[in-house]
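These notes concern the structure reproduced below.
Protein chains: 2
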Amino acid sequence: MSDFDARLDRYAELAVRVGLNVQPQQRVFIRATRGEPEFVYRVTRAAYRAGASLVHVLWEEDAIELLRVQHASRENLDLVVDWFAHAFNGAAERGDAILLLHSPDPELFAGIAPEQVAAHRRARLGALRPMLDAQGRNDFQWSVCHVPNAAWARRVFPDSAPASSVTELWDAIFSICRVDESDPIAAWQTHIAQLAKRCQALTAKQYRALHFSSAQTDLTLGLPRGHIWAGGASTSRKGIVFAANMPTEEVFTLPHREQAEGYVTTTRPLSVSGVLIQNFTLTFENGRITRVRASNAQNVLETLIATDKGAAHLGEVALVPASNPIARRNQIFYDALYDENAASHIALGAAYRFTLEDGAAMTAPDFCAAGGNESTIHEDAMIGSSEMNVDGVRADGTREAVMREGEWALEV
Amino acid sequence: MSDFDARLDRYAELAVRVGLNVQPQQRVFIRATRGEPEFVYRVTRAAYRAGASLVHVLWEEDAIELLRVQHASRENLDLVVDWFAHAFNGAAERGDAILLLHSPDPELFAGIAPEQVAAHRRARLGALRPMLDAQGRNDFQWSVCHVPNAAWARRVFPDSAPASSVTELWDAIFSICRVDESDPIAAWQTHIAQLAKRCQALTAKQYRALHFSSAQTDLTLGLPRGHIWAGGASTSRKGIVFAANMPTEEVFTLPHREQAEGYVTTTRPLSVSGVLIQNFTLTFENGRITRVRASNAQNVLETLIATDKGAAHLGEVALVPASNPIARRNQIFYDALYDENAASHIALGAAYRFTLEDGAAMTAPDFCAAGGNESTIHEDAMIGSSEMNVDGVRADGTREAVMREGEWALEV
Chain A
4 MSDFDARLDR
14 YAELAVRVGL
24 NVQPQQRVFI
34 RATRGEPEFV
44 YRVTRAAYRA
54 GASLVHVLWE
64 EDAIELLRVQ
74 HASRENLDLV
84 VDWFAHAFNG
94 AAERGDAILL
104 LHSPDPELFA
114 GIAPEQVAAH
124 RRARLGALRP
134 MLDAQGRNDF
144 QWSVCHVPNA
154 AWARRVFPDS
164 APASSVTELW
174 DAIFSICRVD
184 ESDPIAAWQT
194 HIAQLAKRCQ
204 ALTAKQYRAL
214 HFSSAQTDLT
224 LGLPRGHIWA
234 GGASTSRKGI
244 VFAANMPTEE
254 VFTLPHREQA
264 EGYVTTTRPL
274 SVSGVLIQNF
284 TLTFENGRIT
294 RVRASNAQNV
304 LETLIATDKG
314 AAHLGEVALV
324 PASNPIARRN
334 QIFYDALYDE
344 NAASHIALGA
354 AYRFTLEDGA
364 AMTAPDFCAA
374 GGNESTIHED
384 AMIGSSEMNV
394 DGVRADGTRE
404 AVMREGEWAL
414 EV
Chain B
4 MSDFDARLDR
14 YAELAVRVGL
24 NVQPQQRVFI
34 RATRGEPEFV
44 YRVTRAAYRA
54 GASLVHVLWE
64 EDAIELLRVQ
74 HASRENLDLV
84 VDWFAHAFNG
94 AAERGDAILL
104 LHSPDPELFA
114 GIAPEQVAAH
124 RRARLGALRP
134 MLDAQGRNDF
144 QWSVCHVPNA
154 AWARRVFPDS
164 APASSVTELW
174 DAIFSICRVD
184 ESDPIAAWQT
194 HIAQLAKRCQ
204 ALTAKQYRAL
214 HFSSAQTDLT
224 LGLPRGHIWA
234 GGASTSRKGI
244 VFAANMPTEE
254 VFTLPHREQA
264 EGYVTTTRPL
274 SVSGVLIQNF
284 TLTFENGRIT
294 RVRASNAQNV
304 LETLIATDKG
314 AAHLGEVALV
324 PASNPIARRN
334 QIFYDALYDE
344 NAASHIALGA
354 AYRFTLEDGA
364 AMTAPDFCAA
374 GGNESTIHED
384 AMIGSSEMNV
394 DGVRADGTRE
404 AVMREGEWAL
414 EV
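Those protein sequences? They're chains A and B, same order as listed. The first sequence lines up with residues 4 to 415 when you count with my numbering. The second sequence lines up with residues 4 to 415 when you count with my numbering.
Pasting the structure below:
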């Protein structure tokens, strides 16, 4: 077996044993792309070896989606592929372990009319709503991990030859996902245990607010009563521990939707619908964005924020040390999972129900009244850097250092 | 555009315009395999250009099936992937145009316990029963066509280098499917019109029986009253003309299940569950196989014939001139569609309802009483050659030449 094959197998084992934590006689559903079928075969084999009763794979093809968005009439974009929705929603309802493999092409829809892309996306999200809701509640074990493709690799490593850029991207993924550690599973277990410990400590603190400060940022985010810090491992309704994201470096909770005050400047580019916004400054009053100043594509950002009422409020605040393995590579990945785990960030749009005590059981108005935010968008904006300080503000108004110059200051 | 790309596009156009005959605002469902995604993209684009409202593609992967058959317990092989069945059955029920792309690997399951393979196959066929039944009635437009893969090409051209064997197989497919004619669509329309004319003439004859004779064969097949010769084009319930098979060279009908008498020797190998049976002789009495003599793998043949009651009777007799474009290549394709269209053949097992007047509306016992055969198998055995003579026996017992030395003798 080649070294590359061995690393692929270890990555597949991680996805099955840590990401999904497949249980004996459980069904496994894989949403695959054609990026790297060899990896899908290895995940499938690993899942059967872990005792899966049935591994079913739904392959999606960017090229087919692209043809649809290019050729279908506006009305026909609303047609739902019923079996496609049934595959996801049925797996979620049955409690399968669901592996979502991504192989992004950041420029797939470049040059397509935005309304066509938006209509396609809306139809898709609408059809998958039951699964997405169940996923938001962690009803089942699920995990997201990535495989390279030529288009993505070319975007990340534009100066490399096509063949070697794919290899470089695999190398980056293997390194960031700890595949190259001597015992990757043990390394992941240690890593997510550390994240869990930090979450427990932060949740126990119940800060009234976080204060972010650097030369370009002065932002105070109120945190609602009963907020929960999450990160690393999740627990399904049946009590199975799994790792929803590979990689994952963040711990995160929800800010109070009406308690953001001040301004913040992004430190890494944001990719929205294929447009890269280099940096921008957001000003908040009573939780709402009242001013946007972008270096480019200001209209794209303004359109995003105008998507719905919740799009101008925050749904997540995440802390990531500046020295993390993704940031150390000093690389833009043009992918939310890789880029958001590179730096502390805030997310415009929806909050996760599980980041608020009893949030899963609340009605939407109750969730909002408690400080949670609802929106159809959830867009991460990176604000962390090695110059960022973060203070925790206690209930009595006193403060303590949470991060200093981008690194953890709070001992756990 | 390269010459190869242009030929791929012409093949895709044939599949959409002639094979499926896609209608404006119709949905198109494609069952694809890993073989040649580029061809699937071209079919998808051609289908949108023909006015399809939605093209939905279900990709299957031999490697995933193989892992399942290798690893799943016997009981777990009965688990049905519900959305997979829903995809096919739903498309059939809605009346989509259904393209079944095949990219066979003749040795996929070599070395796997036959019970595992059989259980897997049974579960699959059971789950797809509604679609298969509707297909048998031509409720919707459907077409089968093939794309090469490395394993299949290696088997067909064992003496060629791997890369060139795939090219050789494409060349063979393009040539056999008339893709290289100056106007492939017109060539197909002429071809299937000729087949249709022959079918009409043969159906009008209403022969009481066909008599096959050569040095190794002396077989009389009774034909039931109201038998219908089919071939080339089919007509869906909505009246849309389509070509179910690409390639297609045969005209066929059903023999009476209880009226085969004599013996017949195959002229081309039969591939059953990955085993190649070079030649064999079957002896019939009152329609039933009473004796089997095979050059090899006699037990595989005996197992096949013992599958169920109908497996020892015939369900199809097809006439193909010995000079047809597939036979002229003097090549075994290890695939039913390509090999059956190379020579006149008989099929053990199920008869097609549409080859008997009012057959579609009959109950199973009525269909059998009228001379039709029911079985879970349908296995073609090639019996034609340039030495074969075929006579038609009229109701009054007089005879006329239908084929002489493998070529049509009957003028139409």
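All C-beta atoms in this analysis are idealised placements derived from N, C-alpha and C, irrespective of residue type, glycine included.
query: Within 8 Å (strictly less), CB to CB, does residue 90 of chain B reach chain A?
result: yes
query: In terms of residues, what are the limits of the beta strand (DSSP E) holding residue 182 of chain B?
result: Neither: residue 182 of chain B is in no beta strand (DSSP E) and is coded neither H nor E.
- request: Take every Cβ of the stretch 88–107 of chain B, pair it with every Cβ of the stretch 142–150 of chain B, and state whether three or more of those distances are shorter than 8 Å.
  value: yes
Three-pair Cβ contact test at 8 Å for the stretch 20–39 of chain B versus the stretch 60–72 of chain B: yes
- prompt: Under 8 Å Cβ-Cβ, which residues of chain B neighbour residue 85 of chain A?
  reply: 89 and 93
message: Is there a Cβ of chain B sitting closer than 8 Å to that of residue 66 of chain A, yes or no?
response: yes
query: Can you tell which of A:165, A:58, A:44 and A:175 has its C-alpha closest to the C-alpha of residue 30 of chain A?
result: A:58
field: Beta bridge counterpart(s) of residue 266 of chain A as assigned by DSSP
entry: A:221 and A:286
- prompt: Roughly how far, in whole angstroms, is the beta-carbon of residue 92 of chain A from the beta-carbon of residue 131 of chain A, given that I think they are within contact range, below 8 Å?
  reply: 7 Å
- prompt: Is residue 3 of chain A helix, strand or coil when you go by DSSP?
  reply: What the structure shows of chain A is the stretch from 4 to 415, and residue 3 of chain A is not part of that stretch, so it cannot be assessed.
field: Buried versus exposed call for residue 331 of chain A [16 or more other C-beta atoms within 10 Å across all chains shown]
entry: exposed
- prompt: Between residue 89 of chain B and residue 381 of chain B, what straight-line distance do the alpha-carbon atoms span, to the nearest angstrom?
  reply: 24 Å
query: In its own chain, which residues sit with a C-beta less than 6 Å from the C-beta of residue 278 of chain A, not counting the 5 before and 5 after it?
result: 300 and 303
query: Just the Cα atoms here: how many angstroms apart are residue 98 of chain B and residue 5 of chain A?
result: 48 Å
query: Counting only beta-carbon atoms, is residue 40 of chain B nearer than 8 Å to chain A?
result: yes
field: Contact with chain B by residue 75 of chain A, beta-carbon distance below 8 Å
entry: yes
message: Within 10 Å of its beta-carbon, does residue 296 of chain A have 16 or more other beta-carbons around it, so buried, or fewer, so exposed?
response: exposed
task: Can you tell me the Cβ-Cβ gap for residue 28 of chain A and residue 56 of chain A, rounded? I've got them flagged as a contact below 8 Å.
output: 5 Å
message: For residue 95 of chain B and residue 13 of chain A, what's the separation of their Cα atoms in angstroms?
response: 41 Å
- prompt: Hey, quick one: how far does the alpha helix (DSSP H) through residue 123 of chain A stretch, first residue to last?
  reply: 117–130
- prompt: Cα-Cα, which of B:327, B:188, B:313 and B:274 is closest to residue 378 of chain B?
  reply: B:313
- prompt: Once you ignore the five residues that flank residue 396 of chain B on each side, which residues in its own chain have a CB closer than 8 Å to its CB?
  reply: 210, 211, 212, 213, 214, 223 and 402
query: Among A:353, A:335, A:247 and A:263, which one has its Cα closest to the Cα of residue 158 of chain A?
result: A:335
- request: Going by CA-CA distance only, name the one from B:265, B:357 and B:202 that's closest to residue 413 of chain B.
  value: B:202
Nonlocal neighbours in the same chain, by C-beta distance under 7 Å from residue 252 of chain B, ignoring five residues either side: 323, 327, 329 and 344
Nearest residue (CA-CA) to residue 265 of chain A, options A:220, A:408, A:189 and A:9: A:220
query: Are the C-beta of residue 59 of chain A and some C-beta of chain B separated by less than 8 Å?
result: yes
Beta-bridge pairing of residue 57 of chain B - partner residues as DSSP gives them: B:30
- prompt: Enumerated in chain order, which unbroken segments of the alpha helix (DSSP H) with a length of 4 residues or greater are wholly contained in the stretch 141–180 of chain A?
  reply: 153–159 and 165–179
task: Identify the contact partners of residue 47 of chain A in chain B, using a Cβ-Cβ distance below 7 Å as the criterion.
output: 67 and 70
field: Range covered by the beta strand (DSSP E) that runs through residue 349 of chain B
entry: 348–352
message: Suppose you measure from the CA of residue 24 of chain B to the CA of residue 239 of chain B; what does that come to, to the nearest Å?
response: 11 Å
- prompt: Looking at the C-beta of residue 37 of chain B, does it have a partner C-beta in chain A at a distance below 8 Å?
  reply: yes
- request: Taking residue 381 of chain A as part of the beta strand (DSSP E), name the residues at either end of that continuous run.
  value: 381–385
task: Sort A:340, A:325 and A:339 by Cα distance to residue 333 of chain A and report the nearest one.
output: A:325
query: Just the Cα atoms here: how many angstroms apart are residue 184 of chain B and residue 192 of chain B?
result: 12 Å
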